[in-house]
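Colleague: Just so you know, the protein sequences line up as chains L and C, in that order.
Numbering of the first sequence is given in my numbering, commencing with residue 1 and proceeding in unit increments.
Numbering of the second sequence is given in my numbering, commencing with residue 96 and proceeding in unit increments.
Every residue, glycine too, gets a C-beta built ideally from N, C-alpha and C.
Have a look at the structure that comes next, please.
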Amino acid sequence: MLHIACPWCGLRAQSEFTYANDGTLIRPDLSNDSIDDHYNYVYARDPRRGIQDEMWRHSAGCGQFLKVRRDTLTHEIHATGAPQDDLDVPKDDRS
Amino acid sequence: MTGQVFRNGAGGRIDRTVPLSFTFDGKNYQGFQGDTLASALLANGVRVVGRSFKYHRPRGILGAGFEEPNALVQLGDGARTEPNTQATRVELFDGLTATSQNRWPSLQFDISAINGLFHRLLPAGFYYKTFMAPANLWMTYEKIIRRAAGMGRAPTQMDPDIYARRFAHCNVLVIGGGPAGVSAALAAGQSGARVILAEDNPQLSVSETELADMDNVTVLTRTMAAAYYDHNTLILSERIADHKPAPAPFETRQRMWKVRAQQVVLATGALERPLVFPNNDRPGVMLASAAQCYAADFAVRAGNQAVVFTNNDSAYGAARDMKAAGIDIAAIIDTRPEISDSTRELATNTKVLTGHAIIDVASGRGGATRGVTLKAIHPDTGAPKGSPIDIACDVVAMSGGWNPTIHLFSQSKGKIKYDGARAAFVPGQSFQQERSIGAANGTFDHEACIIEGHNAGAAAARDVGFDAPDARTSPSGIPPAAQPLWSAPTGAKRFVDFQNDVTADDIGLAYREGYQSVEHLKRYTTLGMGTDQGRTSNVNGLAIMADHRRLDIPEVGTTTFRPPFSPITLGGIAGWHTGQNFEATRQSAMSAWHEAQGATFSNAGLWRRPEYYPRTGMTPAEAVHHEARHVREKVGVVDVSTLGKIDVQGRDALEFLSRVYINNLTKLPVGKCRYGVMLREDGFVFDDGTITRLAEMRFLVTTTTTHAGPVMTHLEYLAQVQWPELDVHLLSVSEDWAGIAIAGPNSRTLLSQLFQDVDFANEAFPFMGYRETNAGGVPVRLFRISFSGEHAYELNVPADYGLNFWTALLETGADLDVIPYGTEAMNILRIEKGHVTGAELNGRVTADDLGFAGMMSKLKPFVGQVLARRDALTAKGRRQLVGLVPADGETPIPAGAQILADPDAPPPEFTPAAILGEVTSNCYSPALGHPIGLGLVEDGSDRHGDTLYAHSPITSETVAITLTNPVFVDPAGGRLHG
Ligand SMILES: [Zn+2]
């Protein structure tokens, strides 16, 4: 069971959190009506065998979303932050 | 008086003042407090405890703990019966009943033993080869095989016991209460760190009063560490009452611990390996360490005369202890050509034959061992040579070396490595905050284990900030005892895996047939696949395969160890989450009232909702129809507290809602409601509900009962992650407000009487209007909205007052003939009105499919708008919402039916292309006096008036139906607005 540092509540058990989404997604601008752009936003994913950014929600805690930089291979969590934060630890070098 | 003829009068850790009676296979025996079932059976001279899995050979007790592959017993009977327990780990209690598992029809006469005579028919891969085809016959074979194999029986009654769960955190968790583990716990404890020490046995291996006195140390005995997960999370299974006939009233049977530790110390010990030689499975052949343990701890002689067979030094100590307990050691047979003088000293006055090996075990009555045959062996090849020597004995104590118990280390994702000097896999690089010590780390010297434990415990505490005792230095370089792996090169059945009956020849066959990788070997031969997970067999099996492949053992590899380390009970996993506590139940403020009226309930998510209120002299269906009819004629109240309610506030609340609803909301004034539809990002309909503008910057939106959670998550995601620039705040208030719908022609009069300060006149409070008032200081929210199609209101009051207002409505409205109605009548009313619900909002429909195209604003962007334009979502031939009536005006429309054009077509389940749609909702309409339904049908909007057929693949009914407008009652909406 993972131990996840909520930026607002501190280190909490995984059972308090829910995985929400890919953490790198940026919704197309409201003025953007390109089907392709929206299609990519909804469906296209680039899951990594290694370090990736994920969006989680502290659903059984403060209810806030948080960005989690996690290694899918080792389950190590390298950093967490608010959804808009740039996490200041090295990312997977393939990105 | 006692039948314990193999029990010594003194010695051991048993309490002879507490004799215990137990039965095994129906026969009565006696043992003592402190016995295991296995030690008590041996004390009574019981040699055969089971039959083997495949060949049904008689089997005896091999080990003394976790490693036991043979002595699997069914414990107890009735609701508390438990299969697959290891007799070596079952603590004896008075009245214990056990039955041997692997025998059919009885242990003495085993009809399946005939398999042994035809063993050539049962080689490795037997299941695959024999039962490949015809596949359906496998079902028959499997039942017979399972019965013959005696897998144990699961209880068929409810588990009567209580299981608990506990979450714990500690600085240092130590697994294993042997010398190393206790030493580690002491060192960590002395630093002040919070320590948990878990030991599977009823007591620690050394009595340690200092540990018991430390407030910061928790010692858990009878506790097995089952799993080691991510981020130092471990699962411990504590057996609180398993050593008693039954738990005391309200006593917990087992407790499952989930421990998060900053540092973990694994002191899990080591398990002895068997040697692989012909007929090494005869009852009486056991691990030397087991024979030693029975002699020293239980004062039980495993037999009268023993031959010790070894390839390493550790068995010499076992021989000494066995001798001390009165077992005659006929000889020590050592496969090594030479042994050291110090080793030989351990065996003074005992015959030692080096460079020899057992080449056969003779069996006597009941299959038990009565002697061995040895030969000298070639020092390099191990091939037997010279003339055979026979030695009479009833015990063979064998030792093939030791395997560190690295299961938890491997589960923690630590890298294991092969240590040639120890001929064993040992822990390599740790992956988590973990240290392996003592025998688990390949350190077999007692003094070295204690020092290693001390240093690891202190280092673990220091790593998390405690001031720990200094490290001690180990007595320099104690070399590991050389333990070359050894197996007899040829001969009769040489068992490698006792539990799954895998022989050395089976591994040879797997090699010849190309199943050479570890994973193939395992699956082809079933090596290591029993409940013991190959504890005694893995390394020997790998060594034999490595030999065939002329590779080193590490090149052959090892299989992955998975949790649980040893089986745990399903009751322990479930904990308190059984029966009514399986999941949470959500009750509205009026639930108790509904229950008191005898309402039946259905589940909507976690909510329980009343279906209908029984009426004397009416069938359930009549009662439901009465409720629905009454609403249309007079007035009814229904509990709608379960609807999701979200309070949306902020300067950008309107902008936010405009982005998530398809509707144009800019003209929604304060004090008005609007029906709203939300799409998912992919363009399909997500949910519907109402949007009410409570104030300039404050809205209340409602969701369907089941989508309340997902809608909230969706909105929060957009607000927090995608549009953080918007000033909007969301709060779920579903449980803060009780909701009551008041529907029917008399609803206005009823509410006017209850809330006299509110003007209910049409002009003052029109359809889709919103008013606030209070009653005795309690805030009341009134919405003029309708799900039934009648003149109706919804009332929200703080949940604590829900029941007061509910009863007030019923009392005040008595003259107006008000009745309560349930979800069944509510469903009829909404079908009559053509309102959609979860049955239609199935995640595959577009707004246009439901006739909501007109609501979709073209003046603003909203979620789902772009992808809703995709070809597949706008093409002709999509299924659209229609009303359905039976063509003959009376036949009920079957629920969930498929809609077809041709009633004589082949069954639609076989010709999906012929299906034009489906029935989504169906009921009898009291208002119309005939059955009706809603459905989704290809191009349904253009087919009103057509006759199609509803075919139920479940009931095989086919009913001719006519497609209509989905709004059956009051299509013009006069009742709503009047
Ligand atoms: Zn939080």
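On the DSSP letters alone, give me the boundaries of the alpha helix (DSSP H) that His-38(L) sits inside.
Modeller: Within the first sequence, numbered from 1, the residue matching residue 38(L) stands at position 38. Segment 35-42, the alpha helix (DSSP H) holding His-38(L).
Colleague: Please enumerate, following chain order, all residues with a beta carbon closer than 7 Å to at least one heavy atom belonging to ligand 1.
Modeller: In chain order, the qualifying residues are Cys-6(L), Trp-8(L), Cys-9(L), Arg-12(L), His-58(L), Gly-61(L), Cys-62(L) and Gln-64(L).
Colleague: If you draw a straight line from the alpha carbon of Leu-212(C) to that of Pro-178(C), how long is it in whole angstroms?
Modeller: Locating residue 212(C) in the second sequence gives position 117, where the first residue counts as 1. Locating residue 178(C) in the second sequence gives position 83, where the first residue counts as 1. In this prediction, Leu-212(C) has a pLDDT of 47, which is less than 50 and means its spatial position is unreliable; nothing more can be read from the coordinates.
Colleague: Counting along the chain, where does the beta strand (DSSP E) carrying Val-958(C) start and finish?
Modeller: Taking the second sequence and counting its residues from 1, one reaches residue 958(C) at position 863. It is not in any beta strand (DSSP E) - Val-958(C) carries neither H nor E in the DSSP assignment.
Colleague: List the residues of chain C that Asp-33(L) touches, going by C-beta distances under 7 Å, in chain order.
Modeller: Numbered from its first residue, the first sequence carries residue 33(L) at position 33. Correct list: Val-961.
Colleague: Which residues in the same chain have their Cβ closer than 8 Å to the Cβ of Arg-49(L), if we skip the five residues on either side of it in sequence?
Modeller: Working through the first sequence from its first residue, we reach residue 49(L) at position 49. Excluding positions up to five away in sequence, the list reads Thr-72 and Leu-73.
Colleague: Can you tell me which of Glu-433(C), Arg-439(C) and Asn-444(C) puts its alpha carbon nearest to the alpha carbon of Ile-472(C)?
Modeller: On the second sequence, residue 472(C) is found 377 positions in, with the first residue counted as 1. Of the listed residues, the one whose Cα sits closest to Ile-472(C) is Glu-433(C).
Colleague: Expressed to the nearest angstrom, what Euclidean distance is found between the alpha-carbon atoms of Val-521(C) and Thr-363(C)?
Modeller: Sequence index remark: in the second sequence, residue 521(C) carries index 426 (1-based). Sequence index remark: in the second sequence, residue 363(C) carries index 268 (1-based). Using only the alpha carbons, I get a separation of about 12 Å.
Colleague: At the 8 Å Cβ level, is His-38(L) part of the contact set with chain C, yes or no?
Modeller: As a first step, residue 38(L) must be located in the first sequence, where it is residue number 38. Yes, its Cβ sits closer than 8 Å to a Cβ of chain C.
Colleague: Closer than 8 Å, CB to CB, is Gln-52(L) near chain C or not?
Modeller: If you number the first sequence from 1, residue 52(L) lands on position 52. False, the Cβ-Cβ gap to chain C never drops below 8 Å.
Colleague: Show which residues of chain L have a CB atom less than 9 Å away from the CB atom of Gln-528(C).
Modeller: Numbered from its first residue, the second sequence carries residue 528(C) at position 433. Residues of chain L passing the Cβ test: none, with the nearest at roughly 11 Å.
Colleague: Just the Cα atoms here: how many angstroms apart are Leu-216(C) and Tyr-619(C)?
Modeller: Position 121 of the second sequence, counted from the start, is the residue given in the question as residue 216(C). Position 524 of the second sequence, counted from the start, is the residue given in the question as residue 619(C). Reliability of the predicted coordinates at Leu-216(C) is poor, the pLDDT of 48 falling under 50, and no value is obtained from them.
Colleague: Using a 10 Å radius around the Cβ and a threshold of 16 neighbouring Cβ atoms, would you call Glu-776(C) buried or exposed?
Modeller: Taking the second sequence and counting its residues from 1, the one referred to as residue 776(C) is at position 681. Buried, since its Cβ has 16 or more Cβ neighbours within 10 Å.
Colleague: Taking Val-853(C) as the reference, give the member of Leu-845(C), Pro-861(C), Asn-841(C) and Arg-866(C) with the closest Cα.
Modeller: Counting from 1 along the second sequence, the entry for residue 853(C) is found at position 758. It is Arg-866(C).
Colleague: To the nearest angstrom, how far is the alpha carbon of Ile-95(C) from that of Gln-611(C)?
Modeller: In the structure as shown, chain C begins at 96 and stops at 1073. Residue 95(C) is therefore absent and cannot be evaluated.
Colleague: Note down the Cα distance separating Gly-450(C) from Tyr-411(C), rounded to an integer number of angstroms.
Modeller: Working through the second sequence from its first residue, we reach residue 450(C) at position 355. Working through the second sequence from its first residue, we reach residue 411(C) at position 316. Gly-450(C) and Tyr-411(C): Cα-Cα distance of roughly 15 Å.
Colleague: Can you tell me whether DSSP reads Cys-62(L) as helix, strand or coil?
Modeller: As a first step, residue 62(L) must be located in the first sequence, where it is residue number 62. It is coil, neither helix nor strand.
Colleague: Check whether the region 403-422 of chain C touches the region 626-634 of chain C, counting contact only when three or more Cβ pairs, one atom from each stretch, lie closer than 8 Å.
Modeller: Verdict: no, contact absent.
Colleague: Quick check on DSSP: helix, strand or coil for Pro-1048(C)?
Modeller: To locate residue 1048(C), count along the second sequence from 1; it is residue 953. DSSP places Pro-1048(C) in coil when its eight states are reduced to three.
Colleague: In terms of residues, what are the limits of the alpha helix (DSSP H) holding Thr-1059(C)?
Modeller: Position 964 of the second sequence, counted from the first residue, corresponds to residue 1059(C). Premise fails: Thr-1059(C) lies in the beta strand (DSSP E), 1053-1059, not in any alpha helix (DSSP H).
Colleague: Are the C-beta of Pro-344(C) and some C-beta of chain L separated by less than 8 Å?
Modeller: Along the second sequence, one-based indexing puts residue 344(C) at 249. Pro-344(C) does not count as touching chain L.
Colleague: Are three or more beta carbon pairs between the region 582-593 of chain C and the region 307-316 of chain C nearer than 8 Å?
Modeller: With a cut-off of 8 Å, the region 307-316 of chain C and the region 582-593 of chain C do not count as touching, because too few Cβ pairs lie within range.
Colleague: If you measure from the beta carbon of Gln-524(C) to each beta carbon in chain L, is any gap under 8 Å?
Modeller: Within the second sequence, numbered from 1, the residue matching residue 524(C) stands at position 429. No, no contact with chain L.
Colleague: Taking a cut of 9 Å between CB atoms, which residues from the region 322-340 of chain C lie near chain L?
Modeller: Listed in sequence order: Tyr-324, Asp-325, His-326, Asn-327 and Thr-328.
Colleague: Which residues in the same chain as Arg-377(C) place their Cβ atom closer than 6 Å to its Cβ, once the five residues preceding and following it in sequence are excluded?
Modeller: Counted from its first residue, the second sequence places residue 377(C) at position 282. So the list reads Val-456, Ser-458 and Thr-464, once near-sequence residues are dropped.
Colleague: Should the region 815-833 of chain C be regarded as contacting the region 748-765 of chain C, the criterion being three or more beta carbon pairs within less than 8 Å?
Modeller: Verdict: yes, contact present.
Colleague: Thinking C-alpha only, which one of Ile-270(C), Pro-274(C) and Asp-310(C) is nearest Phe-292(C)?
Modeller: The count along the second sequence starts at 1 and reaches residue 292(C) at position 197. In the sequence as displayed, the identity of residue 292(C) is Leu instead of Phe. Closest by alpha carbon: Ile-270(C).
Colleague: Below 8 Å on C-beta distance, what does Thr-58(C) contact in chain L?
Modeller: One cannot answer for residue 58(C) here, as it falls past the ends of chain C, which runs 96 to 1073.
Colleague: Expressed to the nearest angstrom, what Euclidean distance is found between the alpha-carbon atoms of Asp-596(C) and Gly-98(C)?
Modeller: Here residue 596(C) refers to the residue found at position 501 of the second sequence. Here residue 98(C) refers to the residue found at position 3 of the second sequence. Distance between the alpha carbons of Asp-596(C) and Gly-98(C) is about 32 Å.
Colleague: Rounded to the nearest angstrom, what separates Ile-209(C) and Asp-172(C) at their Cα positions?
Modeller: Taking the first residue of the second sequence as position 1, residue 209(C) is located at position 114. Taking the first residue of the second sequence as position 1, residue 172(C) is located at position 77. Because the pLDDT of Ile-209(C) is 49, which lies under 50, any placement of that residue in the model is unreliable, and the number read from its coordinates should be weighed accordingly. Roughly 30 Å separates the two Cα atoms.
Colleague: On a Cα-Cα basis, can you pick out the residue from Gln-349(C), Gly-496(C), Val-733(C) and Gly-929(C) that is closest to Val-634(C)?
Modeller: Working through the second sequence from its first residue, we reach residue 634(C) at position 539. Closest by alpha carbon: Gly-496(C).
Colleague: What would DSSP say about Trp-581(C), mapped onto helix, strand or coil?
Modeller: As a working mapping, residue 581(C) is identified with position 486 in the second sequence. Here Trp-581(C) sits in coil by DSSP.
Colleague: Taking the alpha-carbon positions, what's the Ala-858(C) to Cys-768(C) distance?
Modeller: Counting from 1 along the second sequence, the entry for residue 858(C) is found at position 763. Counting from 1 along the second sequence, the entry for residue 768(C) is found at position 673. According to the sequence as given, residue 858(C) is Glu; it is not Ala. Rounded to whole angstroms, Glu-858(C) to Cys-768(C) spans 15 Å at the Cα level.
Colleague: Starting from Glu-776(C), find everything on chain L with Cβ-Cβ shorter than 9 Å and list it in chain order.
Modeller: On the second sequence, residue 776(C) is found 681 positions in, with the first residue counted as 1. Under the 9 Å cutoff, chain L gives Arg-27, His-38, Tyr-41 and Val-42.
Colleague: For chain C, is any of its Cβ atoms less than 8 Å away from the one on Trp-8(L)?
Modeller: As a position in the first sequence, residue 8(L) is number 8, starting the count at 1. With 8 Å as the cut-off, Trp-8(L) does not count as an interface residue toward chain C.
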